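Just so we're aligned, residue 1 is where the sequence shown starts under UniProt numbering, counting upward by one. Using N, Cα and C, we set each Cβ at its ideal position, and we do this for glycine too. Note that the structure is a prediction, hence the values are computed from the model and not measured. Data block below; observations after.
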Amino acid sequence: MVESNLISAILVAQGPEYKAVCRGLSRVSTPTPPVLPVPMGPLPLTQYLENLQNTGHFFHPQSRILLMGLCGSLTPSHKVGDVVLYKSCVKRWDEVRDEKDLPLIPPTLPQPLNCDRYLTSQIHRKLSQKAAIVKALTSDRFVGAAASKRLLSQIYQADVIDMEGFAALEMLSQAGIAVAMVRVISDDCDRDMPDLSSALSPNGSLQLLPLAIGMIRQPFAAKRLIQGSLRGLRVLQEVTAGLFANC
């Protein structure tokens with residue numbers, strides 16, 4: 001069991017991921033940390049954390065924040081349903097690049113930010129048989145094309161991809177807050193996923209109509225995405241319960 005006082009709060013993307021974490025915690029009889037639903041994407045998340053900082057919530061050097069949710073695989077070694085624990089996070093360089101184009105190679109590779117070593121080790125001790133230690137890449141948009149995923153893995157030497165990790169780590173670390181990240185793989189690197197770029201609103205929420213249109217345009221890819229997401233959410237719920245349940 002991860003001691004409840006070890007974690008000040010859990011941050012998880014709003015929507016199904018947030019609900020999965022809450023369901024996992026509902027199975028735990030001991031006290032658990034508060035769970036905060038956060039917007040998707042680096043900019044909306046940064047703005048959210050800035051507002052949170054202004055209220056004084058959790059923004060003191062003694063705070064320890066756990067970021068949870070789903071992520072995508074960038075390498076064949078990480079499959080749907082696998083649990084990963086972040087060692088570090090790097091920011092995507094070509095943020096204004098259109099997703100329909102292949103990623104650009106940066107003139108110099110951005111420096112990764114490391115998660116808190118002590119907090120990560122405590123969580124890894126509980127998940128040692130389930131979680132792989134990975135380097136993550138944070139993107140400002142969905143990456144659906146398998147070719148783009150493979151290229152991003154080669155460029156950034158990253159294992160998985162998300163949309164919040166680096167932004168959270170950068171903002172919270174600057175405030176002296178310890179951060180650890182546990183995620184579950186929801187899509188593989190070897191198959192295309194639907195292009196859902198237009199479905200993400202500026203405030204970091206998913207817009208249902210553009211999401212549905214994106215799914216309809218690529219039905220087979222959409223089926224894979226739904227199946228992977230459902231499996232990932234089930235594992236996320238189980239991992240959450242396991243982290244905080246009595247041994």
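Spatial distance of residue i from residue j (CA atoms)
{"i": "W93", "j": "I155", "result": "10 angstroms"}
{"i": "M163", "j": "Q157", "result": "17 angstroms"}
{"i": "N114", "j": "T30", "result": "30 angstroms"}
{"i": "D159", "j": "L209", "result": "31 angstroms"}
{"i": "S8", "j": "D116", "result": "14 angstroms"}
{"i": "S186", "j": "A222", "result": "13 angstroms"}
{"i": "R234", "j": "K19", "result": "11 angstroms"}
{"i": "H60", "j": "T120", "result": "19 angstroms"}
{"i": "E17", "j": "P107", "result": "35 angstroms"}
{"i": "L169", "j": "N5", "result": "20 angstroms"}
{"i": "M193", "j": "N51", "result": "33 angstroms"}
{"i": "S229", "j": "P219", "result": "15 angstroms"}
{"i": "Q62", "j": "Q53", "result": "14 angstroms"}
{"i": "M40", "j": "G72", "result": "14 angstroms"}
{"i": "G165", "j": "D195", "result": "21 angstroms"}
{"i": "P110", "j": "S26", "result": "39 angstroms"}
{"i": "K130", "j": "L211", "result": "32 angstroms"}
Buried or exposed by the 16-neighbour rule on C-beta atoms within 10 Å, applied to residue i
{"i": "Y48", "result": "buried"}
{"i": "T55", "result": "exposed"}
{"i": "Y86", "result": "buried"}
{"i": "Q227", "result": "exposed"}
{"i": "M118", "result": "With the sequence shown as reference, residue 118 is identified as Tyr, and Met is not the correct amino acid for it. Looking at its Cβ environment, which holds fewer than 16 other Cβ atoms inside 10 Å, Y118 is exposed."}
{"i": "T32", "result": "buried"}
{"i": "A13", "result": "buried"}
{"i": "L243", "result": "buried"}
{"i": "S128", "result": "exposed"}
{"i": "S148", "result": "buried"}
Beta-carbon gap between residue i and residue j smaller than 8 angstroms
{"i": "S217", "j": "A146", "result": "In the sequence as presented, Ser is not what sits at residue 217; that position holds Arg. No, Cβ-Cβ distance for R217 and A146 is not below 8 angstroms."}
{"i": "V35", "j": "I10", "result": "yes"}
{"i": "V38", "j": "L236", "result": "no"}
{"i": "V182", "j": "V239", "result": "yes"}
{"i": "V143", "j": "I123", "result": "no"}
{"i": "A136", "j": "D82", "result": "no"}
{"i": "G24", "j": "L206", "result": "no"}
{"i": "V134", "j": "V84", "result": "yes"}
{"i": "A167", "j": "L45", "result": "yes"}
{"i": "T138", "j": "P202", "result": "no"}
{"i": "P112", "j": "S88", "result": "yes"}
{"i": "L152", "j": "L74", "result": "yes"}
{"i": "S197", "j": "R125", "result": "no"}
Whole-Å CB distance - residue i paired with residue j, under 8 angstroms assumed
{"i": "C189", "j": "R150", "result": "6 angstroms"}
{"i": "R64", "j": "A178", "result": "4 angstroms"}
Quiz item: Do the region 66–73 and the region 163–182 make contact, defined as three or more Cβ pairs closer than 8 angstroms?
Solution: yes
Practice problem: Determine, using beta-carbon pairs with one atom in the region 163–174 and one in the region 211–226, whether at least three such pairs fall under 8 angstroms. | Solution: no
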